[in-house]
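Using full-length UniProt numbering, read the sequence shown as starting at 1 and increasing by one per residue. Note that beta-carbon positions come from the ideal geometry of N, C-alpha and C, so glycine has one too. First comes the structure, then the notes that go with it.
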Amino acid sequence: MNLQTIERAASGMEYTEKSLANTAINSQEGIDLTKYWRIIRYNKWNIIGIGGLFAVLAVIAMIKSTPIYRSTGSILIDAQQSKILMMNDAYEMQTLTEQYFRTQIELLKSRDLIRKVIEKLDLADNPEFNKPKEKNLLRAKLTALLPAVFENKDEKNQQNDIDYSKYSKEEGLISDFQSRLAVNPRKLTQVLDISFEASDPLLASDIVNILGETYIQTRQAGRTNDTRMAAEWLADRMQSLKEKLNLSESKLQNYLEKEHLVDLEGVLTLTKGEIEGNTRRLSDARITRMEAEALYKKIQSLGDSIYKNTEVVPEIFADPVIIGLKQKEITLSQKLSELSQRYGSGHDDIIATKSELESIEQELKKHIASTINGIKNHYEIALAKEKSVASEVNTNKDQVQDIGSKQTQLRELQREVDSNRNLYEMFFNRYKEATETASLSDNAIRFVDRADHPLVPVKPKKKLIVIISFMIGLVFGVILAVLRDYLNSTIKSPAEIEEKLGAALLGIVPFHKVKKADTDKISDIGKMAQVFPKSQFAESIRTIRTGLILSALDSPHNVWLITSSLSGEGKSSICMNLAISLSQLDNGKVLLIDADLRRPTLMKRFATLPEGSFGLAHVLSKTAEIDECIHNIGPNIDLIPAGLIPPNPLELLGSQMFINLLQELEKRYTMVLIDSPPINSVSDSNLLAQYVRSVIYVVRAEHTQVATIRQGLKHLRKFGAPMAGIILNQLDVEKGHGYYGTNYYYNYYQSSNYSEEKS
Numbered sequence: 001m002n003l004q005t006i007e008r009a010a011s012g013m014e015y016t017e018k019s020l021a022n023t024a025i026n027s028q029e030g031i032d033l034t035k036y037w038r039i040i041r042y043n044k045w046n047i048i049g050i051g052g053l054f055a056v057l058a059v060i061a062m063i064k065s066t067p068i069y070r071s072t073g074s075i076l077i078d079a080q081q082s083k084i085l086m087m088n089d090a091y092e093m094q095t096l097t098e099q100y101f102r103t104q105i106e107l108l109k110s111r112d113l114i115r116k117v118i119e120k121l122d123l124a125d126n127p128e129f130n131k132p133k134e135k136n137l138l139r140a141k142l143t144a145l146l147p148a149v150f151e152n153k154d155e156k157n158q159q160n161d162i163d164y165s166k167y168s169k170e171e172g173l174i175s176d177f178q179s180r181l182a183v184n185p186r187k188l189t190q191v192l193d194i195s196f197e198a199s200d201p202l203l204a205s206d207i208v209n210i211l212g213e214t215y216i217q218t219r220q221a222g223r224t225n226d227t228r229m230a231a232e233w234l235a236d237r238m239q240s241l242k243e244k245l246n247l248s249e250s251k252l253q254n255y256l257e258k259e260h261l262v263d264l265e266g267v268l269t270l271t272k273g274e275i276e277g278n279t280r281r282l283s284d285a286r287i288t289r290m291e292a293e294a295l296y297k298k299i300q301s302l303g304d305s306i307y308k309n310t311e312v313v314p315e316i317f318a319d320p321v322i323i324g325l326k327q328k329e330i331t332l333s334q335k336l337s338e339l340s341q342r343y344g345s346g347h348d349d350i351i352a353t354k355s356e357l358e359s360i361e362q363e364l365k366k367h368i369a370s371t372i373n374g375i376k377n378h379y380e381i382a383l384a385k386e387k388s389v390a391s392e393v394n395t396n397k398d399q400v401q402d403i404g405s406k407q408t409q410l411r412e413l414q415r416e417v418d419s420n421r422n423l424y425e426m427f428f429n430r431y432k433e434a435t436e437t438a439s440l441s442d443n444a445i446r447f448v449d450r451a452d453h454p455l456v457p458v459k460p461k462k463k464l465i466v467i468i469s470f471m472i473g474l475v476f477g478v479i480l481a482v483l484r485d486y487l488n489s490t491i492k493s494p495a496e497i498e499e500k501l502g503a504a505l506l507g508i509v510p511f512h513k514v515k516k517a518d519t520d521k522i523s524d525i526g527k528m529a530q531v532f533p534k535s536q537f538a539e540s541i542r543t544i545r546t547g548l549i550l551s552a553l554d555s556p557h558n559v560w561l562i563t564s565s566l567s568g569e570g571k572s573s574i575c576m577n578l579a580i581s582l583s584q585l586d587n588g589k590v591l592l593i594d595a596d597l598r599r600p601t602l603m604k605r606f607a608t609l610p611e612g613s614f615g616l617a618h619v620l621s622k623t624a625e626i627d628e629c630i631h632n633i634g635p636n637i638d639l640i641p642a643g644l645i646p647p648n649p650l651e652l653l654g655s656q657m658f659i660n661l662l663q664e665l666e667k668r669y670t671m672v673l674i675d676s677p678p679i680n681s682v683s684d685s686n687l688l689a690q691y692v693r694s695v696i697y698v699v700r701a702e703h704t705q706v707a708t709i710r711q712g713l714k715h716l717r718k719f720g721a722p723m724a725g726i727i728l729n730q731l732d733v734e735k736g737h738g739y740y741g742t743n744y745y746y747n748y749y750q751s752s753n754y755s756e757e758k759s
């Protein structure tokens, strides 16, 4: 393997890793809703067909089903009139609410009331309610077919059925009746609608009317009994309430007489006034006592020094007598001082003055002591007065508490009397109402509209069932279409080329369906682009041709290899049509080489070549010259067929002779196309891919599995084969109408191709 091959292999491995990485990223993207919409569009007729099938089955089922009629009647329930007749209301003392109507609905659907209707109409023998169950029908058929299997079992169970047959039949009949019955209140009214469904419209209306009448009769019959029981209960209750009232009144009277209570309110008011006055007096007395106590304690704290320092106590110092004595004492003291300076201590004037001064001091002390004693007496009087007033206040409080206790007891006795009297009067009034209305007719519950015979069945709802069945069928069809698409692991769209394969898309070749009128124009699809040049098929070949020419502008190499994963993918047809299209260009000379030396096909598809013509195998085995192997098959187009099938095709294709041959042919022709064997069948294409400019890989739409295609691409990339891209062949764009995003430009030609051809 040369250096160029190694470089190609390295680049191929790198490309493979990038492609796989891109594929992984694409697979992690979110749900593509447009993809599912395209699936639905692609399979729309199948989906609609499944929906139609479901609708047809629904129609067949409805034809075989029995029509059901619904009859409805209305009754009025006046709760305000009903309350005086209800025993329950006599002692609960509450008006009927929404719960009352719910109760009446349950009564209308009660088993006891239904049982009465069944007996009146003899529904037990009515075919409407006496139909055999489907389970029993199936069992009967199986017993007839296989008596040996089911007969003994029936005989064993027969005994058990005898004991409970009547009970089971009655319960089943009531349950069937309840399942057909509906009782619904009208909003913001006191009217109940009673509906019943049956296959017989006359029976349905009769059941509604009989049910309403039976309900009214049952209510009327129970009314008298309820009223009688209520009156008896009220009478007994009134007797006990009367005794209780008399006893409470007696207790109240005895208490008034025992406590001599006449006007508790007046006494209580007077006592409260005394408390307020004494409280004010107590406050004044307490202030006076506190002032006297403070003065007295101050004098006590001074002790004997008070006689010399009377000025510290203003109440003593302000006494006029003490003031006069103080002045005399001061005067005599001054006089004694002057005499002492003038005379000796034994002088008569000094002795007389001292005697007079001592007399004044004694009198002053005596008067101060008298004043202190007066202050003490004032303090003691204030203290005694405070205690006296406080005692009066406490006495008043005790009186108020005593009166309050008596008042509380009196009120309690009075409340008991009032409560017993009110309760007695209430029961007495209810007793009068019950006895006076006993003979009145009960119009609280009556028919508003009786049930008429229904003319139109309510079941089955044919239009609705057909529509729903059709919609279910559509959903089922969509699920099947999505599931089918999910399980289909082929390439169905151009988008999946890059998404699933990680490869570039070179072009799309649509599926071309040849009309019967055109079958004589073409014998080989390999010449389709030449025979129908204005078709979608030819346009797609020209598009691929343009891509190849543009990609070859910057390269001197003009050899292309065309291969596929498996046989039958249209590889050779693409090769032939592409060669013919390239030959139609100006100065274009194309060579087509059939390199499939194992199962060659190109020579057979060109009828102008004689059998046994020289080909590629002859050149490589050196049994013929190159010019002898080149055959002209059309304007500007030559063919080198495979020739004889050699025993060693791989060795011939890998020889230097083949490389030299390609180099020579590149000089002679503007474009060389090599038709090679399928890549997954033999390894010839892997070898040939190393000698060409690029490889064109053909994939047939909705045919080859993705895993198979990946395997083929992996082989090519492993050997470093340069990839031009993938051609998606035989894509039915006309059927898909853009399925998976393949609108491209084909719709533009779709409406004009055949009109131009016909013209």
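Measuring alpha carbon to alpha carbon, tell me which residue in R186, D200, D638 is nearest R70.
The shortest C-alpha separation from R70 is found at D200.
Euclidean distance between Cα positions of A444 and I47
CA-CA distance, A444 to I47, rounds to 60 Å.
Under the assumption that I679 contacts G634 (Cβ atoms under 8 Å), give the Cβ distance between them as a whole number of angstroms.
Actually they do not touch by this definition, with Cβ atoms about 28 Å apart.
Should P454 be labelled buried (16 or more other beta-carbon atoms within 10 Å of its own) or exposed?
Answer is buried; the Cβ neighbour count reaches 16.
Given a cut-off of 8 Å on the beta-carbon distance, is the pair N686 and F719 in contact?
A contact, by the Cβ cut-off of 8 Å.
Grab me the residues of P460's own chain with a C-beta within less than 7 Å of its C-beta, minus the 5 sequence neighbours each way, in chain order.
Contacts found: M62, S65.
Member of I549, G212, S567 whose CA lies at the smallest distance from the CA of Q584
A check of alpha carbon separations from Q584 across I549, G212, S567 identifies I549 as the nearest.
Supposed close pair D594, A642 - CB separation, criterion 8 Å:
That pair is a contact at about 4 Å.
Separation of V393 from E361, as counted between CA atoms:
So the two alpha carbons sit approximately 48 Å from each other.
Length of the line joining the Cα atoms of V698 and L464
Our two residues, V698 and L464, have alpha carbons roughly 51 Å apart in a direct line.
Taking all protein chains shown into account, do 16 or more other C-beta atoms lie within 10 angstroms of the C-beta of V456, making it buried, or fewer, making it exposed?
Classification of V456: exposed, given that the 10 Å Cβ count is below 16.
The stretch 169-184 in contact with the stretch 104-116 per 3-pair CB rule at 8 Å:
Below 8 Å, enough C-beta pairs join the stretch 169-184 and the stretch 104-116 to call them touching: three or more.
So residue 848 is in the beta strand (DSSP E); what residue range does that whole segment cover?
Since the first and last residues shown for the chain are 1 and 759, residue 848 lies out of range.
Own chain, CB closer than 8 Å to Y431, minus 5 neighbours either side, in chain order
Same-chain partners within the cutoff: A231, L234, A235, M238.
Mapping the DSSP letters down to three states, classify F511 as helix, strand or coil.
Three-state result, F511: coil.
C-alpha gap between K297 and E386, whole angstroms
In a straight line, the C-alpha of K297 is about 18 Å away from that of E386.
Using the DSSP secondary-structure output, state which residues sit across from R446 in a beta bridge.
DSSP output for R446 lists L76 as bridge partner(s).
Y379 burial status per 10 Å Cβ neighbour count (16 or more: buried)
With 16 or more Cβ atoms within 10 Å of its Cβ, Y379 is classed as buried.
Expected contact under 8 Å - CB spacing of T490 and Q705 to nearest Å
With a Cβ gap of about 6 Å, T490 and Q705 count as contacting.
Enumerate in chain order the residues of its own chain whose CB-to-CB distance from Q28 is below 7 Å, with the five nearest sequence positions on each side excluded.
Confidence is the limiting factor: at Q28 the pLDDT is only 45, short of 50, which leaves the residue's position unreliable and the question unanswerable from this model.
Please work out which residues of its chain come closer than 6 Å, Cβ to Cβ, to G654, disregarding the five sequence neighbours upstream and downstream, and give them in chain order.
Hits under 6 Å: L687.
Would you say E249 and V417 are within 8 Å of each other, going by their C-beta atoms?
Against a cut-off of 8 Å, the Cβ pair of V417 and E249 comes out as a contact.
Close Cβ partners of W560 (< 8 Å) along its chain, the five nearest in sequence each way excluded:
Taken in chain order, the residues that qualify are L548, M671, V672, L673, I674, V692, R693, S694, V695, I696, A724.
Starting from the C-beta of L639, find all residues in its chain whose C-beta is less than 6 Å away, skip the five residues before and the five after it, and write them out in chain order.
Here the set comprises L592, H631, I633.
Endpoints, the beta strand (DSSP E) within which Q656 is located
Following the DSSP letters along the chain, one finds Q656 in no beta strand (DSSP E) but inside the alpha helix (DSSP H) bounded by residues 656-668.
Cβ pair residue 760, R180 closer than 8 Å
Beyond the ends of the chain as shown, which are 1 and 759, falls residue 760; an answer cannot be given.
In chain order, what residues of the same chain lie with their CB nearer than 6 Å to the CB of L282, ignoring the 5 residues before and after it?
Within the same chain, and ignoring the five residues on either side of L282 in sequence, the residues whose Cβ sits closer than 6 Å to its Cβ are V389, A390, V393.
Cα-Cα separation between R411 and Q99, rounded to whole angstroms:
Distance between the alpha carbons of R411 and Q99 is about 40 Å.
Between Q414 and L252, how many whole angstroms is the CB-CB distance? I'm expecting something under 8 Å.
Confirmed, Cβ separation roughly 6 Å.
In the DSSP output, what is G725 paired with across the bridge?
Note: G725 sits in a beta bridge opposite I696.
K109 beta carbon less than 8 Å from that of V183
Remark: C-beta atoms of V183 and K109 approach each other more closely than 8 Å.
Given this structure, state the Cα-to-Cα distance separating D452 from A58, to the nearest angstrom.
Cα to Cα, the separation comes out at about 31 Å.
Straight-line Cα distance separating E170 from I162:
Only weak support is given to the placement of I162: the predicted model assigns it a pLDDT of 44, under 50, and the value that follows is read from those uncertain coordinates. In this structure, the CA atom of I162 is about 14 Å from the CA atom of E170.
Exposure label - T546; buried when at least 16 CB within 10 Å:
With fewer than 16 Cβ atoms within 10 Å of its Cβ, T546 is classed as exposed.
Exposed or buried, what is V149 when buried is set at 16 or more other beta-carbons lying within 10 Å of its beta-carbon?
Confidence at V149 is low in this model, with a pLDDT of 45, below 50, so its placement is unreliable and no value can be given for it.
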